[in-house]
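Note that the sequence shown covers residues 1 to 191 in full-length UniProt numbering. No residue lacks a Cβ here, since even glycine has one placed at the ideal position from N, Cα and C.
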Amino acid sequence: MSEQAALAFRKLVASMRTLEKQYWAHRDKGVLRQSIELEKRVDETIMKVEPKNVPQTDNGNFFILVAELRVATKQYFSEKKKPEPDKELVKTLFNTIKEKEAKIDKQLIHFQEEDFRKQGYTIQYHVMERPYKCPPHSLFQSTDEELANVMFNDYLRHPSPGTMIFRMKKYIGKDGKPLSDEEINKILYNK
1 MSEQAALAFR KLVASMRTLE KQYWAHRDKG VLRQSIELEK RVDETIMKVE
51 PKNVPQTDNG NFFILVAELR VATKQYFSEK KKPEPDKELV KTLFNTIKEK
101 EAKIDKQLIH FQEEDFRKQG YTIQYHVMER PYKCPPHSLF QSTDEELANV
151 MFNDYLRHPS PGTMIFRMKK YIGKDGKPLS DEEINKILYN K
């Protein structure tokens with residue numbers, strides 16, 4: 001599996017996951033049809049690749065994770081269609097699917113942020129505070145995600161009563177100014 005093929009596969013899976021989320025949010029039959037078509041393309045891609053050709057890299061691990069998700073999904077639906085489904089197996093498969101979907105979504109975000117940085121842009125991580133009935137403001141900001149997570153956990157230990165603490169990302173352009181949502185989508189999704 002070449003680097004180009006891995007990148008194309010990542011984009012295909014990202015589109016599939018986006019359409020799945022849109023379907024569950026709006027229950028649009030057109031989106032469901034598109035999602036099913038993308039699932040078929042993902043399945044075809046998985047079936048074409050020889051296991052020995054899957055690299056031992058992030059892309060290879062991602063490919064294996066998606067393949068495991070597709071297998072678990074097919075098992076889940078075939079078990080659900082049985083007249084007497086094994087409830088324990090259905091529950092286990094459902095939990096496996098949710099776990100794999102969460103890992104895939106997390107990796108897709110990681111890959112998108114990596115691509116964003118490679119293009120010369122910056123991501124700032126903010127720890128935000130929002131007191132009751134007040135606008136939120138930044139308590140801490142850094143380009144290091146791990147440091148921001150440590151500070152977030154630190155602020156969560158002793159928040160003021162009625163105060164919400166949360167994390168936020170700001171995408172910064174090459175000129176040092178924050179990017180709009182349209183610019184971010186154009187960069188991340190090539191729209």
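Query	Result
Compute every distance between the C-beta of Q4 and the non-hydrogen atoms of the ligand COA, then say whether any falls below 8 Å.	In the structure on display, the ligand COA does not appear, and there are no ligands present to speak of.
Are the CB atoms of I165 and L139 within a distance shorter than 9 Å?	yes
State yes or no: is the beta carbon of C134 nearer than 9 Å to at least one beta carbon in chain D?	The structure shown contains no chain D; it is built from a single protein chain.
Out of curiosity, what's the CA-to-CA distance linking A67 and E79?	18 Å
May I ask which residues mark the beginning and end of the beta strand (DSSP E) holding H158?	Element bounds for H158: n/a, residue is neither H nor E.
Label F111 either buried or exposed according to how many other C-beta atoms from any shown protein chain fall within 10 Å of its C-beta, with 16 as the threshold for buried.	buried
Residues bridged to F166 by DSSP?	M128
For S142, which beta-bridge partners are listed by DSSP?	Y125
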